[in-house]
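Chemist: In order, the protein sequences belong to chains A and B. The end of the first sequence is residue 143 by the working numbering, with every number in the run present. The end of the second sequence is residue 353 by the working numbering, with every number in the run present.
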Amino acid sequence: MNLLQELELSNLRTDFPAFNAGDTVRVYSRIKEGDKERTQYFDGIVIGFHRNGISSTFKVRKESYGVGVERTYPMHSPLLEKIEVKKRGDVRRAKLFFLREVSGKKARIKEKKDWISKKSLKVPSQGAATQTLEPAAPEATAE
Amino acid sequence: MTTGILGKKLGMTQVFDAEGKMIPVTVIEAGPCTVIQKKTVPNDGYEAIQIGFQGKKAQRVNKADMGHFRKAGKGAFAHLQEIEIPDPSIEVGAEIKVDMFKEGDFVDVCGTSKGRGFTGVMKRWNFKGGRATHGSMFHRAPGSIGASAYPSRVIKNMKMAGHYGNEKTTTLNLKVVAVQPDKNLLLVRGAVPGSKNGMVFIRHAVKKAN
Chain A
1 MNLLQELELS
11 NLRTDFPAFN
21 AGDTVRVYSR
31 IKEGDKERTQ
41 YFDGIVIGFH
51 RNGISSTFKV
61 RKESYGVGVE
71 RTYPMHSPLL
81 EKIEVKKRGD
91 VRRAKLFFLR
101 EVSGKKARIK
111 EKKDWISKKS
121 LKVPSQGAAT
131 QTLEPAAPEA
141 TAE
Chain B
144 MTTGILGKKL
154 GMTQVFDAEG
164 KMIPVTVIEA
174 GPCTVIQKKT
184 VPNDGYEAIQ
194 IGFQGKKAQR
204 VNKADMGHFR
214 KAGKGAFAHL
224 QEIEIPDPSI
234 EVGAEIKVDM
244 FKEGDFVDVC
254 GTSKGRGFTG
264 VMKRWNFKGG
274 RATHGSMFHR
284 APGSIGASAY
294 PSRVIKNMKM
304 AGHYGNEKTT
314 TLNLKVVAVQ
324 PDKNLLLVRG
334 AVPGSKNGMV
344 FIRHAVKKAN
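(1) Residues of chain B with CB under 9 Å from I54 (chain A), in chain order?
(2) Hey, out of A:L3, A:V67, A:D23 and A:Q5, whose CA is closest to V102 (chain A)'s CA?
(3) Using a Cβ-Cβ cut-off of 8 Å, state whether S77 (chain A) counts as contacting chain B.
(4) Would you call the stretch 253 to 264 of chain B in contact with the stretch 296 to 312 of chain B, where contact means no fewer than 3 C-beta pairs closer than 8 Å?
(5) Measuring only the C-alpha atoms, how far is K62 (chain A) from G44 (chain A)?
(6) DSSP beta-bridge partners for G254 (chain B)?
(7) Is the beta carbon of I166 (chain B) sitting closer than 8 Å to the one on K152 (chain B)?
(8) What are the boundary residues of the alpha helix (DSSP H) that includes E84 (chain A)?
(9) Output the distance between the C-alpha atoms of L79 (chain A) and G278 (chain B), rounded to the nearest integer angstrom.
(10) For chain A, is any of its Cβ atoms less than 8 Å away from the one on K351 (chain B)?
(11) Compare the Cα-Cα distances from I315 (chain B) to each of B:L223, B:R332 and B:A321 and report the closest residue.
(12) For K217 (chain B), tell me which candidate among B:M303, B:M342 and B:I179 has the shortest Cα-Cα distance.
(13) Can you list, in chain order, the residues of its chain with a C-beta nearer than 8 Å to that of V69 (chain A)? Leave out the 5 residues immediately preceding and following it.
(14) The ligand COA and N316 (chain B): does the residue's C-beta get closer than 7 Å to at least one heavy atom of that ligand?
(15) I want to verify the contact list: residues of chain B whose CB lies under 8 Å from the CB of L3 (chain A), in sequence order.
(16) Along the alpha helix (DSSP H) that carries S10 (chain A), what are the first and last residues, could you check?
(17) Do K106 (chain A) and D90 (chain A) have their beta-carbon atoms positioned less than 8 Å apart in this structure?
(18) To the nearest angstrom, report how far apart F244 (chain B) and K200 (chain B) are at their CA atoms.
(19) Please report the distance separating the alpha-carbon of P74 (chain A) from that of G341 (chain B).
(20) If you follow the beta strand (DSSP E) that R213 (chain B) is in, where does it begin and where does it stop?
(21) Helix, strand or coil for G147 (chain B)? Go by DSSP, reduced to three states.
(22) Give me the chain B residues within the contact set of N11 (chain A), using Cβ-Cβ distance strictly less than 8 Å, ordered along the chain.
(23) Determine the contact status of A173 (chain B) and L317 (chain B), defining contact as a CB-CB distance below 8 Å.
(24) Could you work out which residues of chain B lie near E81 (chain A), taking near to mean beta carbons separated by less than 7 Å?
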């Protein structure tokens, strides 16, 4: 790793939750108006990432009064306050630019089914959960 | 304090300023440089210092250079640069570091521009060229280069195709965005001449009062 990459790494923001294309998010960003500062949020579907280290951006799209609105946010900007993930989308491509052409029923995005959490719900009835979750506990008592 | 320092261009990236604005920056690994020779009026007819940057293995240095480096006694260097009109108090063996610049300063950066080889007039001199389609037979050619019987020759300095790039270029008045003395890094706003890992010379801006 060279000095340039080190410099970039030290400036990256890691405090946001992981999200992907298709997710519905609420992005809080600070906005300066004159000498006043306030926080504004923008709801929408993430339609793509441009992943390039510190220059990375992501695009959020929403429909506002029948007009499509898209905003591009720099992923590592200090002006971003927080990002809330409202819904996980189940999509099959990284860029959802087709959403610009479709509307109504076609513009829906399936919600991602959380298979892992469902499995973990089933496990206790089979009695396997105690083994996988606490392997260290019996050993400690034996000693 | 001296007027300049040698460095290596590491590449470009971007940083955010206090207001959250994105700034394009070039990252330069500048210094540390060592003063190898001091030229004086009685000896050389003018005042200057010679600085060296980046160490070099002793086995790769020829005998003539070795004798020169021995006088300073600070090891051999890969790159040398003479700086005119330095502070007369500076002595041989002194180190010049990147902390000679501070945030907000303006600097000039000299480097060797990227070589582009034999280049046509459109790239080299920004000629407009001709139409690409609709039967046009004039695409990237230079057009007329002068009149006929008079003057019966091509006037000097006519802009024509030829070698472009790989020459000394200076970018003036670049703002210093950040200085990191612990890593010898200098961040200047905007682009500087040359490719990555190219040598550059950085000095305080000569056409701007700091």
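The beta carbon of each residue, even a glycine, is placed where N, CA and C say it ideally should be.
Modeler: Concretely, from the data shown:
(1) The CB of I54 (chain A) comes closer than 9 Å to the CB of T156, Q157, V158 and F159 in chain B, given here in chain order.
(2) Nearest of A:L3, A:V67, A:D23 and A:Q5 to V102 (chain A), Cα basis: A:V67.
(3) It does; some Cβ of chain B falls within 8 Å.
(4) The way I'd put it, the stretch 253 to 264 of chain B does touch the stretch 296 to 312 of chain B; three or more beta-carbon pairs between them come closer than 8 Å.
(5) Approximately 5 Å, taken between the alpha carbons.
(6) Beta bridge pairing from DSSP links G254 (chain B) with B:T312 and B:V343.
(7) For I166 (chain B) and K152 (chain B), no; Cβs fall outside 8 Å.
(8) DSSP places E84 (chain A) in no alpha helix (DSSP H) but in the uninterrupted beta strand (DSSP E) bounded by L80 to K87.
(9) Here the alpha carbon of L79 (chain A) sits roughly 53 Å from the alpha carbon of G278 (chain B).
(10) No, K351 (chain B) does not count as interfacial toward chain A.
(11) Going by the sequence as given, residue 315 (chain B) is Leu instead of Ile. When only C-alpha atoms are compared, the closest one is B:R332.
(12) When each option's Cα is compared against that of K217 (chain B), the closest is B:I179.
(13) Contacts found: G44, R61, K62 and E63.
(14) Here there are no bound small molecules, and the ligand COA is not part of this structure.
(15) What L3 (chain A) touches in chain B, judged by beta-carbon distance under 8 Å, is L153, V170, E172, K326 and L328, going in chain order.
(16) S10 (chain A): member of the alpha helix (DSSP H) spanning L3 to N11, first to last residue.
(17) Against a cut-off of 8 Å, the Cβ pair of K106 (chain A) and D90 (chain A) comes out as no contact.
(18) Rounded to the nearest whole angstrom, the C-alpha separation of F244 (chain B) and K200 (chain B) is 29 Å.
(19) If you take the alpha carbons of P74 (chain A) and G341 (chain B), they lie about 30 Å apart.
(20) Per DSSP, R213 (chain B) belongs to no beta strand (DSSP E); it is in the alpha helix (DSSP H), K206 to A215.
(21) Strand, per DSSP.
(22) Taking a Cβ-Cβ threshold of 8 Å, the residues of chain B close to N11 (chain A) are V158 and F159, in chain order.
(23) Not in contact: A173 (chain B) and L317 (chain B) (Cβ atoms no closer than 8 Å).
(24) Close to E81 (chain A), with beta-carbon spacing below 7 Å, lies no residue of chain B; the smallest spacing is near 11 Å.
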